[in-house]
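In my numbering, the protein residues as written are 1430 to 1608.
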């Protein structure tokens, strides 16, 4: 697949996974794609924990009542950032942006390798789930789990939902412009 095919094919997958494991070689390729993402002032602040231990995956999976992807994941990538980000440019930090860029690269790599995933963020911020996962994974207290990507081979083929057309969301030279 070329880049534009991968972008078009990528979608959020919350369904069931097959029993097929995700080889560490593929997990390393996926995280390496995240490591190569742009980073504010090249500070490279985001860190990753790759989870492929079935017992640990099971403990995380039990935390979600509905999302089959979390419950049945054969691997997870946990994105970790500083709890209190340090400025890297004047008084600004870019950890959230850095994390987002890394996750997008990894989602594209996941799709290219034939796996599926979903960006888990808001769920982590409820009921202290980020802290519970952090404790389970031995993440230091000055760090926080920001995003989790459950990964596996999807049971069913799904496609990207319809997106609004270009003309409704993008313009040349002026917001809402026609020329």
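Beta carbons: idealized from backbone N, C-alpha and C, even for Gly.
Taking only the alpha-carbon atoms, compute the straight-line gap between residue i and residue j and give it to the nearest angstrom.
i: residue 1523; j: residue 1571; result: 17 Å
i: residue 1587; j: residue 1438; result: 9 Å
i: residue 1432; j: residue 1463; result: 15 Å
i: residue 1599; j: residue 1592; result: 12 Å
i: residue 1459; j: residue 1539; result: 6 Å
i: residue 1504; j: residue 1481; result: 5 Å
i: residue 1531; j: residue 1466; result: 5 Å
i: residue 1500; j: residue 1457; result: 22 Å
Applying the criterion that 16 or more other CB atoms from any shown protein chain within 10 Å of the CB defines a buried residue, is residue i buried or exposed?
i: residue 1502; result: buried
i: residue 1535; result: buried
i: residue 1446; result: buried
i: residue 1477; result: buried
i: residue 1442; result: buried
i: residue 1537; result: buried
Can you give the beta carbon distance from residue i to residue j, rounded, assuming they're within the 8 Å contact cut?
i: residue 1552; j: residue 1578; result: Contact doesn't hold; Cβ gap of about 12 Å is too wide.
i: residue 1485; j: residue 1565; result: 7 Å
i: residue 1574; j: residue 1509; result: 6 Å
For residue i, I'd like the list of residues in its chain whose CB is within less than 7 Å of its CB, leaving aside the five on either flank, ordered along the chain.
i: residue 1526; result: 1469
Pull up the DSSP beta-bridge partners for residue i, would you.
i: residue 1546; result: 1441
i: residue 1620; result: The first residue shown for the chain is 1430 and the last is 1608, placing residue 1620 beyond what the model contains.
i: residue 1580; result: 1504
To which residues of the same chain is residue i closer than 6 Å at the C-beta, ignoring the five residues directly before and after it?
i: residue 1545; result: 1442 and 1583
i: residue 1472; result: 1517
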